[in-house]
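One structure is given here, and the rest of the page talks about it.
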């Protein structure tokens, strides 16, 4: 009997088990393995390598189909074919977390997982160095426990890569060099977030990850997620876009990736998306706060049906993760139904861009100042105050400009201010509210000598930094950084009066948001500066 090549179905089970138990911890099959009735045991800590020119595993069709009790590892560098008619090839699969066995696809050329019957694996690793299709499929692939995507792209074709564990962390390793090109089905638990590393071809540039995020979803057993590009023609063109975000119009659908989320049942509750920006063409910090998520019906072929669901969904605050290119994704929460989904751009920040929010001790109270870069349908600000950053009271309501594409300054004086937290709540005309991060002002520490700086946009060639309430003789350094952290301008001044102006030329500066750092002795202050 040559167990390295073929296990006959006439061979008694008891004659094979001792041989394999003795040698399986180091046995390497030089060719393929055909199992047409044998019973193979790979114990925990043992491994079976199927190597060589062919390196295939074939579970043949027959009355006494071959089977494997796998608690160790099978390393395969060829194809996996399961033609079993009467049962699964991998038997005695344990509960999640037990001594489940790994099947590791470790080839250097394309490997196929197929046959007449789909295989239910316990744990699978894809670690194939082949370019293009590392793994192709001729049958659905089910993974009940862990799935490690280490290297190599899995192309599903018409079949499904199915992850049956509802623990998100049991999918690991995904990158632009290892993802699911095609149909990824993930089984879901209520109110749980999931990663979907999907792509639209076997090229790294076609990787488009999507996450189910901030999920309060119920009633869905699984989701199928896939991604494709849109051909812009007919009614699928940007000129037909009518979607807005709190009144700000979207103008450009990023047609490179259109994700489709397909649930097995109508969901309850709500959920959010994180759609990743890699390979979409958003690379400049100048795109910050100017993109968002749109949805439309799965059968739609008209851009005028894209909808932001602005009345019932929420985007992060300006410059927060999910609104910036550096964060790597677009984010929106509050959806209640699944459909086709894209990232789209606007020509303007969405919807209110807050440049700065500061507090200054005056000796008899606190002066609060804030500046907006742009506003869309902005009804009013509510200025709130708290002594513990937990319980808030409304200090004042300040009418807003409504719509603006220029810098607008607001202020309010709190005569009772000594040491407190302050925050802004912005309300649109449609009643939607947005909170901005709070600030803390402590006049007992400042002894009434608060510092402030005001950014003044000048003519086409210059802008000005007005430094107020600094002591005479104080040395001040001003450093302007771009969003990548590169130094753009530096200047040093000595205060000769209680007010000083630093003038910076705008030649060579593009329209963008910059970080201005003011250094005075051992104190550093940072302010975001919008330069048009």
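Numbering (my numbering), first residue to last: 24 to 555.
Here a beta-carbon is modelled for each residue, glycine too, at the ideal position from N, C-alpha and C.
When the Cα atoms are used, what is the spatial distance from residue i to residue j?
i, j, result
"residue 236", "residue 286", "15 Å"
"residue 244", "residue 211", "6 Å"
"residue 250", "residue 220", "10 Å"
"residue 434", "residue 424", "13 Å"
"residue 264", "residue 152", "43 Å"
"residue 341", "residue 368", "15 Å"
"residue 329", "residue 455", "20 Å"
"residue 338", "residue 297", "11 Å"
"residue 223", "residue 276", "17 Å"
"residue 387", "residue 377", "27 Å"
"residue 66", "residue 154", "33 Å"
"residue 563", "residue 363", "Outside the displayed range of the chain (24 to 555) lies residue 563, so it cannot be described from this structure."
"residue 218", "residue 232", "8 Å"
"residue 344", "residue 351", "8 Å"
"residue 404", "residue 422", "6 Å"
"residue 175", "residue 361", "29 Å"
"residue 393", "residue 408", "15 Å"
"residue 50", "residue 90", "Unreliable positioning characterises residue 50 in this predicted model, as indicated by a pLDDT of 48, which lies under 50. The coordinate reading is nonetheless provided below. Their backbone Cα atoms lie some 18 Å apart in a straight line."
"residue 135", "residue 128", "10 Å"
"residue 75", "residue 204", "28 Å"
"residue 252", "residue 258", "15 Å"
"residue 45", "residue 84", "With a pLDDT of 36 at residue 45, under the threshold of 50, the modelled position of this residue cannot be trusted; read the value that follows with caution. Each residue's alpha carbon lies about 28 Å from the other."
"residue 120", "residue 314", "Residue placement at residue 120 cannot be trusted, given a pLDDT of 48 that sits under 50; what the coordinates show is reported in the next sentence. Near 41 Å, if we compare the C-alpha coordinates of residue 314 and residue 120."
"residue 99", "residue 111", "18 Å"
"residue 395", "residue 446", "14 Å"
Can you tell me whether residue i is buried or exposed, with buried defined as 16 or more other CB within 10 angstroms of its CB?
i, result
"residue 436", "exposed"
"residue 509", "exposed"
"residue 441", "exposed"
"residue 82", "buried"
"residue 354", "buried"
"residue 370", "exposed"
"residue 498", "exposed"
"residue 23", "Here the chain comprises residues numbered 24 to 555, so residue 23 is not present and cannot be evaluated."
"residue 457", "buried"
"residue 311", "buried"
"residue 517", "exposed"
"residue 126", "buried"
"residue 195", "exposed"
"residue 268", "buried"
"residue 564", "Residue 564 is absent from the structure shown; the chain starts at 24 and stops at 555."
"residue 238", "buried"
"residue 449", "buried"
"residue 525", "buried"
"residue 335", "exposed"
"residue 124", "buried"
"residue 132", "exposed"
"residue 537", "buried"
"residue 453", "exposed"
"residue 9", "No answer is possible for residue 9: it lies beyond the span of the chain, which begins at 24 and ends at 555."
"residue 349", "exposed"
Please determine, among the options, the residue with the shortest C-alpha to C-alpha distance to residue i.
i, options, result
"residue 169", "153, 193, 189 and 158", "193"
"residue 307", "297, 332, 347 and 290", "347"
"residue 488", "444, 527 and 202", "527"
"residue 179", "165, 284 and 513", "165"
"residue 365", "420, 124 and 266", "266"
"residue 464", "514, 457 and 390", "390"
"residue 520", "99, 420, 499 and 494", "494"
"residue 247", "215, 228 and 209", "209"
"residue 427", "94, 176, 438 and 375", "375"
"residue 254", "57, 504 and 324", "324"
"residue 228", "302, 412, 429 and 189", "302"
"residue 214", "274, 293, 204 and 261", "293"
"residue 156", "416, 190, 259 and 226", "226"
"residue 216", "356, 431 and 74", "356"
"residue 539", "70, 396 and 500", "500"
"residue 56", "70, 79 and 62", "79"
"residue 146", "411, 186, 459 and 199", "186"
"residue 70", "62, 93, 59 and 419", "93"
"residue 183", "159, 319, 60 and 133", "159"
"residue 532", "429, 309, 73 and 462", "309"
"residue 206", "190, 171, 199 and 162", "162"
**Prompt:** Would you say the stretch 399-408 touches the stretch 382-390, given that touching needs at least three Cβ pairs under 8 Å?
**Reply:** no
When you compare the stretch 138-148 with the stretch 96-110, are there three or more beta-carbon pairs, one atom per stretch, that lie closer than 8 Å? yes
- prompt: Counting only runs that start and end within the stretch 216-287, where is the beta strand (DSSP E) found for 3 or more residues in a row?
  reply: 217-219, 233-236, 245-251, 271-276 and 281-286
Worksheet entry | Minimum length 4: unbroken alpha helix (DSSP H) runs contained in the stretch 141-202 | none
Considering only residues of the stretch 391-465, which uninterrupted beta strand (DSSP E) runs meet the minimum length of 3 residues and lie entirely inside it, listed in chain order?
-> 416-427, 431-437, 442-451, 456-458 and 462-465
Fully enclosed by the stretch 300-374, which alpha helix (DSSP H) runs are 4 residues long or longer?
-> none
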